[in-house]
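**Q** Line by line, the protein sequences are chains H and C. The first sequence runs -7 to 293 under the numbering used here. The second sequence runs -7 to 293 under the numbering used here. For glycine and all other residues, C-beta sits at the position ideal for the given N, C-alpha and C. Here you go, one structure.
2 protein chains.
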Amino acid sequence: MISIKQLVYALAVEETLHFKKASEKCNISQSALSTALNELEKQIGLQIFERDNKKVLITPVGKQVLQQARSILLQVEELQHFADTQKNPLSYPLKIGLIPTVAPYILPKLLPVLNKRYPQARLDIVESQSHILVEKVRQGELDTAILALPFSCEGLLTLKFWEEDFYWVTLKGTQHAQQEEITNIELKSCNLLLLKEGHCLKDHVLSVCNRSDQLSHQSFSASSLNTLIQMVLGGLGTTLIPEIAVEQLTAQHTSLSVVHLNEPGPHRRLAFISRPNFTRFSSIEALLEVCKEELRHLQKN
Amino acid sequence: MISIKQLVYALAVEETLHFKKASEKCNISQSALSTALNELEKQIGLQIFERDNKKVLITPVGKQVLQQARSILLQVEELQHFADTQKNPLSYPLKIGLIPTVAPYILPKLLPVLNKRYPQARLDIVESQSHILVEKVRQGELDTAILALPFSCEGLLTLKFWEEDFYWVTLKGTQHAQQEEITNIELKSCNLLLLKEGHCLKDHVLSVCNRSDQLSHQSFSASSLNTLIQMVLGGLGTTLIPEIAVEQLTAQHTSLSVVHLNEPGPHRRLAFISRPNFTRFSSIEALLEVCKEELRHLQKN
DNA sequence: TAAAAATACTCCATAGGTATTTTAT
DNA sequence: ATAAAATACCTATGGAGTATTTTTA
Chain H
-7 MISIKQLVYA LAVEETLHFK KASEKCNISQ SALSTALNEL EKQIGLQIFE RDNKKVLITP
53 VGKQVLQQAR SILLQVEELQ HFADTQKNPL SYPLKIGLIP TVAPYILPKL LPVLNKRYPQ
113 ARLDIVESQS HILVEKVRQG ELDTAILALP FSCEGLLTLK FWEEDFYWVT LKGTQHAQQE
173 EITNIELKSC NLLLLKEGHC LKDHVLSVCN RSDQLSHQSF SASSLNTLIQ MVLGGLGTTL
233 IPEIAVEQLT AQHTSLSVVH LNEPGPHRRL AFISRPNFTR FSSIEALLEV CKEELRHLQK
293 N
Chain C
-7 MISIKQLVYA LAVEETLHFK KASEKCNISQ SALSTALNEL EKQIGLQIFE RDNKKVLITP
53 VGKQVLQQAR SILLQVEELQ HFADTQKNPL SYPLKIGLIP TVAPYILPKL LPVLNKRYPQ
113 ARLDIVESQS HILVEKVRQG ELDTAILALP FSCEGLLTLK FWEEDFYWVT LKGTQHAQQE
173 EITNIELKSC NLLLLKEGHC LKDHVLSVCN RSDQLSHQSF SASSLNTLIQ MVLGGLGTTL
233 IPEIAVEQLT AQHTSLSVVH LNEPGPHRRL AFISRPNFTR FSSIEALLEV CKEELRHLQK
293 N
């Protein structure tokens, strides 16, 4: 029967194209590696390597065998990582994506606590728009991502952890600026600045405002919430931002007024997404818990 | 290091839920199996089975481990099958799909030759419409399928093996019936009977006739070419059939006239499709060769 | 007490080591 | 002549067997 060791040895030779060097990589003797590979080739009945005294070549069919071997070993490794992660979440780096309207606001809350609770945790962070993150999660390029729902994620697992409303940001002294709440109707008279196309927040804002797309095409449309705030400060208009971003974006600007948008229902929901058969699910659960707890503090204010 | 044997043993226990029976399935002693599984559990650091003197239970985490083990063993088996198939195409049953406008006409040509050239060959045949076959190939439910192109198969490999034109079938004595060729324009005056929705042939016929969909909605729309021919025989109209089907469908009906449709270009192309990383590609190649050769005879007539 | 898994103990197959030979430049 | 893989031969680990013990329903 084919063994995993044989496959490991074969991949080492593929990498080094040299039996002696490969044997050293595997911490065995040249002879052991040689016999193991001869045995593997005998078992599958195909020559993987063409070797003489000077060089090692990979046969065309050998390339395909090695490709499959690599895939098998990846899965074995995944099994090992799964097991480790069950005992100890976040034992291995987690590749995570975040959207631009979440990343800078959640990471400062998340990372310090994560470092304390899971000192070994390492996140490989990617910031991109929702549709790109969804694709990367599907391809396995990312292990998970934090999106704002609603967003189409067919075939993916979604784990919601936070619901939030939008807040209207305007300069003090403008109409409605002193109100406790602002309604959809009142908003219609305001010049609403939006993120540019491709940012899900734009769609969520339009949807919660019951506005059609055309109404809101601004000549300057920003690519970050921070830019939007700067535009508001510059007197170009007003904007809507999610609760999670309110404090960081508005705390230092005393000239701004922040008013809760009085439209029913959570205006967007943050959720982790992942492939249903991702094996290190426990790591995502651990992250999820930390996020839930940290955001609970926010809600209490 | 985890070994493949350990995984095999674990799956045997999953199946039997009994160490003794599992050990017999694996042709080893109960003791050998017991120590092997204890060793596996120790290596991954997780309990897969909960056992006492009366019963064996699978732990929740064990279920996930076994799922991954199964997937690994499937891939190992695939590697073995790949190797065997390289040396001997069609060593293992090939799950193949065919569309209804191809299956009954190509199989009688293909199967006898296949049996002679590859006596060990076994085909598991499924007949369905193109979109269903494409989905099954994508899912791995089928190894390959024979479709008529054009048809959207993004992400799949396509291997064309035959191009053919359409032939117009009508009762002798009707207008145009004695012609050598018939054109698009002349066809417009004919009552054209089509297969019902979902058969790619309908779309190909409409496309090669430059007709819009509406023009051709028949109150009876058939689900097989044979039915169409019966309808023509019954005087309900005329129809177009692909070259591959001409002989079988019209040879015994002396009252029918068969006229080549004189529109440029091959009217449809038959092709195998498969997942790009399907490992027993050599089997498909072998089939492809047989198809090409057998259809070459047809073309010579 | 009985059925089943775990363990003790033994054995042998085989993975792996060392030393040597073969092979092709 | 030399560099590298294959082979011969030996050793030791560990996989697997038999017999026995432990466990708990």
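Between which two residues does the beta strand (DSSP E) carrying residue 116 of chain H extend?
**A** 115 to 119
**Q** Report all residues from its chain with a CB closer than 7 Å to the CB of residue 173 of chain C; omit the five preceding and five following residues, and keep chain order.
**A** 251, 252 and 254
**Q** How about residue 41 of chain H and residue 54 of chain H: are their beta carbons less than 8 Å apart?
**A** yes
**Q** Who are residue 260 of chain C's beta bridge partners in DSSP?
**A** C:156
**Q** Thinking C-alpha only, which one of H:105, H:149 and H:186 is nearest residue 126 of chain H?
**A** Residue nearest to residue 126 of chain H within the set H:105, H:149 and H:186 is H:149 (criterion: CA-CA distance).
**Q** Determine which residues share a DSSP beta bridge with residue 90 of chain H and list them.
**A** H:119 and H:138
**Q** Spatial neighbours of residue 154 of chain H within its chain, please: C-beta separation below 6 Å, excluding the five flanking residues on both sides.
**A** 262 and 287
**Q** Identify, in the order they occur along the chain, each residue of the same chain with its Cβ nearer than 7 Å to the Cβ of residue 5 of chain C, setting aside the five sequence neighbours on each side.
**A** Only 11, 14, 29, 41 and 48 meet the Cβ criterion.
**Q** Taking only beta carbons into account, state which residues of the segment 49 to 76 of chain H come closer than 9 Å to chain C, listed in chain order.
**A** 53, 56, 57, 59, 60, 61, 63, 64, 67, 68, 70, 71, 72, 74, 75 and 76
**Q** Between which two residues does the beta strand (DSSP E) holding residue 231 of chain C run?
**A** 230 to 234
**Q** For residue 19 of chain C, which three-state DSSP category applies?
**A** coil
**Q** Name the DSSP beta bridge partners of residue 214 of chain H, please?
**A** H:187
**Q** Name the two residues that bound the continuous alpha helix (DSSP H) containing residue 99 of chain H.
**A** 95 to 109
**Q** Can you tell me whether DSSP reads residue 31 of chain C as helix, strand or coil?
**A** Here residue 31 of chain C sits in helix by DSSP.
**Q** Kindly list, in the order they appear in chain C, the residues whose Cβ is closer than 8 Å to that of residue -4 of chain H.
**A** -7, -6, -5 and -4
**Q** Can you give the beta carbon distance from residue 137 of chain H to residue 90 of chain H, rounded, assuming they're within the 8 Å contact cut?
**A** 7 Å
**Q** Between the Cα of residue 24 of chain H and those of H:233, H:2 and H:78, spot the shortest distance and give me the residue it belongs to.
**A** H:2
**Q** Answer yes or no: do residue 92 of chain H and residue 69 of chain H have a C-beta to C-beta separation smaller than 8 Å?
**A** Result no, Cβ atoms of residue 92 of chain H and residue 69 of chain H do not sit closer than 8 Å.
**Q** Who are the near neighbours of residue -6 of chain C in its chain, counting only those whose CB is closer than 8 Å to its CB and skipping five residues on each side?
**A** Sequence-distant partners of residue -6 of chain C (beyond 5 residues in either direction) whose C-beta falls short of 8 Å from its own C-beta, in its chain, are 32, 35 and 36.
**Q** When you check each C-beta in the segment 265 to 283 of chain H against every C-beta of chain C, which residues fall closer than 7 Å?
**A** For the segment 265 to 283 of chain H, the beta-carbon criterion of a distance under 7 Å to any beta-carbon of chain C is satisfied by 271.
**Q** In three-state terms, what does DSSP make of residue 41 of chain C?
**A** strand
**Q** Scan the segment 24 to 46 of chain C for residues whose Cβ lies nearer than 7 Å to a Cβ of chain H and list them as they occur along the chain.
**A** 36, 37 and 38
**Q** Can you tell me whether residue 243 of chain C is buried or exposed, with buried defined as 16 or more other CB within 10 angstroms of its CB?
**A** Looking at its Cβ environment, which holds fewer than 16 other Cβ atoms inside 10 Å, residue 243 of chain C is exposed.
**Q** By how many angstroms is the C-alpha of residue 117 of chain C removed from the C-alpha of residue 121 of chain H?
**A** 44 Å
**Q** Tell me which residues share the same chain as residue 171 of chain C and place their Cβ nearer than 6 Å to its Cβ, disregarding the 5 neighbours each side in the sequence.
**A** Correct list, in chain order: 251.
**Q** Helix, strand or coil: how does DSSP classify residue 249 of chain H here?
**A** The answer is strand: DSSP assigns residue 249 of chain H an E or B state.
**Q** Could you work out which residues of chain H lie near residue 79 of chain C, taking near to mean beta carbons separated by less than 8 Å?
**A** Those are 37 and 38, listed as they occur along chain H.
**Q** May I ask you to list the residues that DSSP assigns as paired with residue 144 of chain H?
**A** Answer is none; residue 144 of chain H lacks a bridge partner.
**Q** Given a threshold of 16 other Cβ atoms within 10 Å of its Cβ, counted over all protein chains shown, does residue 108 of chain H qualify as buried or as exposed?
**A** Its Cβ having fewer than 16 others within 10 Å, residue 108 of chain H is exposed.
**Q** Identify whether residue 8 of chain C lies in helix, strand or coil by the three-state DSSP scheme.
**A** Residue 8 of chain C falls in the helix class under three-state DSSP.
**Q** Three Cβ pairs or more, each shorter than 8 Å: is that satisfied between the segment 182 to 197 of chain H and the segment 213 to 220 of chain H?
**A** With a cut-off of 8 Å, the segment 213 to 220 of chain H and the segment 182 to 197 of chain H count as touching, because enough Cβ pairs lie within range.
**Q** Which of helix, strand or coil does DSSP assign to residue 271 of chain H?
**A** In this structure, residue 271 of chain H counts as coil in the three-state DSSP scheme.
**Q** Check residue 221 of chain H in the structure and name its three-state DSSP category.
**A** Helix.
**Q** In this structure, does DSSP put residue 49 of chain C in helix, strand or coil?
**A** Here residue 49 of chain C carries a strand assignment [DSSP, helix/strand/coil].
**Q** For residue 178 of chain C, report the span of its alpha helix (DSSP H) as first-last.
**A** 176 to 179
**Q** Here's a check: name, in chain order, each residue in its chain whose Cβ is nearer than 6 Å to the Cβ of residue 221 of chain C, leaving out the five neighbours to either side.
**A** For residue 221 of chain C, where only same-chain residues beyond five positions count, the Cβ hits under 6 Å are 241.
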